Every structure is written in C-alpha cells, then in structure tokens.
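Numbering (our numbering), first residue to last: 7 to 150.
Laid out in structure tokens, this is it:
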C-alpha cells in the first residue's frame, strides 16, 4: 500500500474481502541459493497453503504488484502445469512479463549495467536492495 489515503488493502477490506499480504524480506547472503522456483514454492504456494489452513478457503483471487506480479505470472504457469488451480483470478499492477519493452526502466538500465548487476548477483548470490531502491526512487515516486 502506498499510504493510508491510497490504501488498496483498506478498500478491499471495506468491500468485504479477506486480505492476506506476502511481504518479502530484503534478501541477503542467507538467500543466495534461492532461485525463482524457491520464491514460488516457499513464498507464494506456502502463502496459499497458509490461507487455506486459516480460512478453510481453497480458492484465491490474487494480485501481483511489480516484481511480485512477475513472480505471480511465473507461478501461474508452474501451477497450471502441475494441475494446481487454487488461484481463480489474477490481477497485475505495474507488472512486466515481457521485458523487451521495459518503458521508463530502460532509461536507467543498459546492457553494461545489466552485466554489472548480474556479476554482483553471481558473486553475492542476491541483489542488494539498495540498488533496486535507488532505481525506484528515480521513477517519480512522488507521483504515486
């Protein structure tokens, strides 16, 4: 949520929805061996299991925001291949699944920068959150 005045979560609850949120931790060296599938299995699918245990509901309407939406899209493909149909609808906010047309992000990223980030990630095993925060801070966050 952006702030209390622009809270989608508050709005959804006011509409009668039960809302669960996955809040991702900032990765560090402990997470260096985690891959995309681990984030799906240990994050999203674990969240679905937890929701079902807490509420008895198997069916979920999911929302993915930004990279969380990219992860949700990948999870939907993986889950479809496994016959897991718990997510009945998916809505994506500011999510990219085709990075060919990266919009404003391409202003800050060129091939040389991507290579430097990949090199750092290969050495550390994760992307330092401050690097991502800097890019987001330059994307007119005040407009949100």
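Quick reminder that beta carbons are idealized off the backbone N, C-alpha and C, glycines included.
No experiment lies behind these values; they were computed from the predicted model shown.
7 Å Cβ cutoff met for residue 81 and residue 46: Walking along the chain shown from the start, residue 81 turns up at place 75. Walking along the chain shown from the start, residue 46 turns up at place 40. Their beta carbons are under 7 Å apart, which means residue 81 touches residue 46 by this criterion.
How would you write the range of the beta strand (DSSP E) that residue 26 sits in, first residue to last? In the chain shown, the residue the question calls residue 26 occupies position 20. Careful: residue 26 lies outside any beta strand (DSSP E) and carries neither H nor E.
Quick check on DSSP: helix, strand or coil for residue 132? One-based indexing of the chain shown puts residue 132 at position 126. Of the three classes helix, strand and coil, the one that applies to residue 132 here is coil, per DSSP.
Go to residue 68, then tell me how far its beta strand (DSSP E) extends in each direction, as first and last residue. Translated into positions along the chain shown, residue 68 becomes position 62. Run containing residue 68: 66 to 71, per the beta strand (DSSP E) assignment.
Just to confirm my understanding: we take residue 75, look at its own chain, exclude 5 residues before and 5 after, and list those with CB closer than 6 Å. What are they? For the purposes of this step, residue 75 is taken as residue 69 along the chain shown, with counting starting at 1. Contacts found: 98, 101.
Give me whichever residues DSSP pairs with residue 95 in a beta bridge. Within the chain shown, numbered from 1, the residue matching residue 95 stands at position 89. Residue 95 is bridged to 67.
Below 8 Å on the Cβ atoms is my guess for residue 70 versus residue 96; work out the distance and round it to an integer in Å. If you number the chain shown from 1, residue 70 lands on position 64. If you number the chain shown from 1, residue 96 lands on position 90. The Cβ separation is near 7 Å, so the contact holds.
If we ignore side chains and look at the alpha-carbon of each, how far apart do residue 27 and residue 42 end up? The residue given as residue 27 occupies position 21 in the chain shown. The residue given as residue 42 occupies position 36 in the chain shown. In a straight line, the C-alpha of residue 27 is about 19 Å away from that of residue 42.
Alpha carbon to alpha carbon, how far is residue 23 from residue 56? Along the chain shown, one-based indexing puts residue 23 at 17. Along the chain shown, one-based indexing puts residue 56 at 50. Cα to Cα, the separation comes out at about 17 Å.
Beta carbon of residue 133, beta carbon of residue 92: below 7 Å? Reading the chain shown from its first residue, position 127 is the one you call residue 133. Reading the chain shown from its first residue, position 86 is the one you call residue 92. It is not a contact, given that the beta carbons lie outside the stated cut-off.
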